[in-house]
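Q: My questions all concern the structure below.
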Amino acid sequence: MRKRFVVFRCPVCGKFTYAPLGQKTRLCSFCGKIIRIDARQAIVVDDAKQASFLVKRYNLKGGEKNYLETLKAQKKELLNLIEEVEEVPESSYEGKEVASSSKTRRMFIMLKENCTNPINIDELRELCKKYNLEWDWVREQLEVLSKEGTVIFPKPWLLQYISDETVEGYVPKKRPSRKKNSLYQVKNLRKALANVLKGKNEPVSYNELVEILKAKGFTLDEIEETVRKLSMEGLLIEPRPGYFLWIGDY
Ligand SMILES: [Zn+2]
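Residues in the sequence shown are numbered from 5 upward in steps of one, following the numbering used here.
Here's what the structure looks like:
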């Protein structure tokens with residue numbers, strides 16, 4: 005069976021977004037906050053494509069009415085689903101005391117030890133216990149680090165630590181530098197693409213977009229992949245074939 009998804013509203017900015025069913029946390033693409041997903045206020049759909057479609061629709065003017073109607077109709081089925089999902093036990097980590105190091109340092113150690121490859125934010129939340137950190141505090145730090153580019157979100161529910169900044173007394177594991185470069189590349193491309201589109205008040209043709217980004221040194225493959233991903237995340241829409249409009253916030 006395909007993975008089901010939920011469409012829900014960001015409790016901070018009110019924009020609609022989506023996540024895999026069972027996921028408890030994600031980054032809001034609109035306001036940049038790491039948010040909790042309230043499954044009770046979510047619409048369950050069969051796949052990511054449908055979720056992405058509904059996100060675009062609900063975020064349009066008047067789309068909220070549509071959401072509320074569907075939510076009402078789905079309520080009963082949803083309650084059963086939630087029970088199903090919540091029966092799955094959360095993985096728990098033993099509360100290993102990490103010396104008496106400072107909070108910030110413990111957080112960086114946690115990131116270095118566990119997050120140099122993408123990690124599900126739900127899992128990271130659990131990990132905080134092991135490092136004796138409060139999730140609410142960590143979440144705020146991560147939002148700041150994501151603005152600096154120290155952590156990135158390959159998907160809105162996956163987090164990855166990409167800085168090589170050393171923490172005093174901690175020797176980071178060596179990582180191949182090629183991988184790091186390509187991550188920076190992806191991040192820069194997302195930013196460059198957003199900037200091009202945000203600079204225009206009307207949809208930009210795909211060809212024009214490709215020309216501008218190629219001139220900045222990105223390859224066609226990278227551009228195609230990034231456009232596809234940003235559309236999936238509901239940050240881009242294609243109001244008419246071959247034309248793209250930015251609807252995300254960053
Ligand atoms: Zn938001």
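A virtual CB, placed ideally from N, CA and C, is assigned to each residue, including glycine.
1) Nearest to Asn63 by alpha carbon, out of Glu226, Ser33, Gln164 and Asp50?
2) Express the C-alpha separation of Pro15 and Thr29 in angstroms, rounding to a whole number.
3) In the DSSP assignment, what are the bridge partners of Trp250?
4) Give me the residue from Leu239, Gln78 and Arg44 with the minimum Cα distance to Ala198.
5) Thinking C-beta only, is Ala43 closer than 9 Å to Phe9?
6) Mind checking whether Cys132 and Val148 have CB atoms under 9 Å apart?
7) Quick one: does the C-beta of Cys132 sit closer than 8 Å to a heavy atom of ligand 1?
8) With distance defined between alpha-carbon atoms, name the residue in Arg129, Pro160 and Lys202 nearest to Phe248.
9) Would you report the Cα separation of Phe57 and Tyr135, rounded to the nearest angstrom?
10) Using the C-alpha atoms, what's the distance from Gln27 back to Lys60?
11) Below 8 Å on the Cβ atoms is my guess for Val2 versus Leu162; work out the distance and round it to an integer in Å.
12) Does the beta-carbon distance from Met236 to Ala23 come in below 9 Å?
13) What is the DSSP secondary structure of Asn121, reduced to helix, strand or coil?
14) Counting only runs of 3+ residues fully inside the stretch 19-84, write out the beta strand (DSSP E) ranges in chain order.
15) Exposed or buried, which one is Ile251 when buried takes at least 16 other CB atoms within 10 Å?
16) Which word fits Glu91, buried or exposed, when buried means at least 16 other C-beta atoms lie within 10 angstroms of its C-beta?
17) For Lys151, list the residues DSSP reports as bridge partners.
18) Looking at Lys28 and ligand 1, is the gap between the Cβ and the nearest heavy atom below 8 Å?
19) Look at the alpha carbon of Asp140 and the alpha carbon of Ile166, and state the distance between them as a whole number of angstroms.
20) Name the two residues that bound the continuous alpha helix (DSSP H) containing Val214.
21) Helix, strand or coil: which one does DSSP assign to Val16?
A: The relevant details are as follows:
1) If we check each option's Cα against that of Asn63, Ser33 comes out closest.
2) Distance between Thr29 and Pro15, taken at the CA atoms: about 12 Å.
3) As a beta-bridge residue in DSSP terms, Trp250 pairs with Leu240.
4) For Ala198, the closest C-alpha among the options Leu239, Gln78 and Arg44 is that of Leu239.
5) Phe9 is not a Cβ neighbour of Ala43, given a cutoff of 9 Å.
6) No, they are not a contact pair.
7) Not under cutoff, so the answer is no.
8) From the listed residues Arg129, Pro160 and Lys202, the smallest Cα separation to Phe248 is found for Lys202.
9) Roughly 39 Å separates the two Cα atoms.
10) Taking the straight line from one Cα to the other gives about 20 Å.
11) In the structure displayed, the chain extends from 5 to 254; residue 2 sits before or after that span and is not available.
12) Met236 places its beta carbon 9 Å or farther from that of Ala23.
13) Asn121 falls in the coil class under three-state DSSP.
14) DSSP runs (the beta strand (DSSP E)) wholly in the stretch 19-84: 20-24, 29-31, 38-40 and 47-49.
15) Buried, since its Cβ has 16 or more Cβ neighbours within 10 Å.
16) Legend: pLDDT at Glu91 = 48, less than 50; position of this residue unreliable, no value from coordinates given.
17) Answer by DSSP bridge pairing: none, since Lys151 is not bridged.
18) No, Cβ of Lys28 sits at least 8 Å from all heavy atoms of ligand 1.
19) The alpha-carbon atoms of Asp140 and Ile166 are separated by roughly 21 Å.
20) Membership of Val214 in the alpha helix (DSSP H) is indicated by the continuous run Tyr210 to Ala219.
21) Coil, per DSSP.
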